[in-house]
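Asks: This is the structure, below, for whatever I ask next.
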Amino acid sequence: MEKNFSSLAEVQAEIQLLKVKEFQQKELIKEQLSSPSAIFHAVSSLFKSGNTNQPLGKNLLNQDMITNLARVGIPLIMNGFLFKRSGFIAKMLITFLSQKAAKNVTSNAVSGAIDKVHGLIKNFMGPKKKRAPVRDYGIPPDSESF
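Each residue of the sequence shown is one higher than the one before, starting from 1 at the first, in UniProt numbering.
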């Protein structure tokens with residue numbers, strides 16, 4: 001969105017245009033959040049899933065096993081170990097946010113992360129140097145070993 005300006009008048013016109021757009025957006029936000037029900041609707045729309053036509057049970061069954069394990073494991077680990085002494089509201093928020101984050105954990109994402117870590121470790125260790133094979137001719141027949 002880079003624009004090239006050839007004169008000061010063009011720059012000032014662009015500044016005025018952006019100020020008008022900012023004012024229009026502020027008015028739109030004020031209009032959308034004018035009543036408590038509008039605020040509640042705006043906040044609740046953030047937490048709705050993408051497909052609201054399906055019941056919750058079907059939505060959970062369509063996810064892979066790693067996603068379902070993450071939905072249980074992430075809140076358990078965070079509340080049980082990391083935020084052990086936090087209050088009820090904090091644990092509730094942590095559980096809610098970790099449930100939202102667990103939707104992004106899929107088997108493809110986990111396998112991709114494991115592949116990236118494997119590649120980093122492989123690059124960090126460097127290529128293995130091949131040693132020259134040791135030629136073993138066995139024990140010579142005239143040796144003093146019996």
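Note that beta-carbon positions come from the ideal geometry of N, C-alpha and C, so glycine has one too.
Tell me which residue opens and which closes the alpha helix (DSSP H) that E31 is part of.
Replies: For the purposes of this step, residue 31 is identified with residue 31 of the sequence shown, where counting begins at 1. From DSSP, the alpha helix (DSSP H) with E31 extends over L8 to Q32.
Asks: The alpha helix (DSSP H) spanning V72 covers which residue range?
Replies: Here the question's residue 72 lines up with position 72 in the sequence shown. Residues M65 to I77.
Asks: If distances are taken between C-alpha atoms only, which option among V72, V110 and A109 comes closest to L97?
Replies: Numbered from its first residue, the sequence shown carries residue 97 at position 97. If we check each option's Cα against that of L97, V72 comes out closest.
Asks: Which of helix, strand or coil does DSSP assign to D136?
Replies: For the purposes of this step, residue 136 is taken as residue 136 along the sequence shown, with counting starting at 1. Three-state result, D136: coil.
Asks: Exposed or buried, which one is V105 when buried takes at least 16 other CB atoms within 10 Å?
Replies: As a working mapping, residue 105 is identified with position 105 in the sequence shown. Buried, since its Cβ has 16 or more Cβ neighbours within 10 Å.
Asks: For K91, I'd like the list of residues in its chain whose CB is within less than 7 Å of its CB, leaving aside the five on either flank, ordered along the chain.
Replies: In the sequence shown, counting from the first residue as 1, residue 91 sits at position 91. Taken in chain order, the residues that qualify are N79 and F83.
Asks: Work out the CA separation of L17 and L8 for me, nearest whole Å.
Replies: Residue numbering aside, residue 8 sits at position 8 when the sequence shown is read from its first letter. Residue numbering aside, residue 17 sits at position 17 when the sequence shown is read from its first letter. Using only the alpha carbons, I get a separation of about 14 Å.
Asks: Let me confirm a value: A13 is counted as buried when at least 16 other C-beta atoms fall within 10 Å, else exposed. Which label applies?
Replies: Reading the sequence shown from its first residue, position 13 is the one you call residue 13. Looking at its Cβ environment, which holds fewer than 16 other Cβ atoms inside 10 Å, A13 is exposed.
Asks: Less than 8 Å between the CB atoms is what I'm expecting for V110 and I66, so what's the real figure, rounded?
Replies: The sequence position of residue 110 within the sequence shown is 110, counting from 1. The sequence position of residue 66 within the sequence shown is 66, counting from 1. Contact flag correct, Cβ pair sits at about 6 Å.
Asks: Using beta-carbon positions only, say whether A102 and A70 come within less than 8 Å of one another.
Replies: Residue 102 sits at position 102 when you count from the first residue of the sequence shown. Residue 70 sits at position 70 when you count from the first residue of the sequence shown. Yes. Within cutoff.
Asks: Along the chain, where does the alpha helix (DSSP H) that runs through K130 open and close?
Replies: To locate residue 130, count along the sequence shown from 1; it is residue 130. Run containing K130: none; DSSP gives neither H nor E here.
Asks: Can you tell me the Cβ-Cβ gap for L33 and A42, rounded? I've got them flagged as a contact below 8 Å.
Replies: Residue mapping note: residue 33 aligns to position 33 of the sequence shown, counting from 1. Residue mapping note: residue 42 aligns to position 42 of the sequence shown, counting from 1. At roughly 6 Å, the Cβ-Cβ gap stays under 8 Å, so L33 and A42 are in contact.
Asks: What's the C-alpha gap between D64 and K19?
Replies: Along the sequence shown, read from residue 1 onward, the residue named residue 64 stands at position 64. Along the sequence shown, read from residue 1 onward, the residue named residue 19 stands at position 19. Going by the C-alpha atoms only, they are around 48 Å apart.
Asks: Please list, in chain order, all residues of the same chain as S6 whose beta carbon is under 7 Å from its beta carbon, the five residues on each side excluded.
Replies: Locating residue 6 in the sequence shown gives position 6, where the first residue counts as 1. None.
Asks: If I measure Cβ to Cβ from F124 and keep anything under 8 Å in the same chain, skipping five residues before and after, which residues do I get?
Replies: Counting from one through the sequence shown, the residue named residue 124 turns up at place 124. For F124, where only same-chain residues beyond five positions count, there are no Cβ hits under 8 Å.
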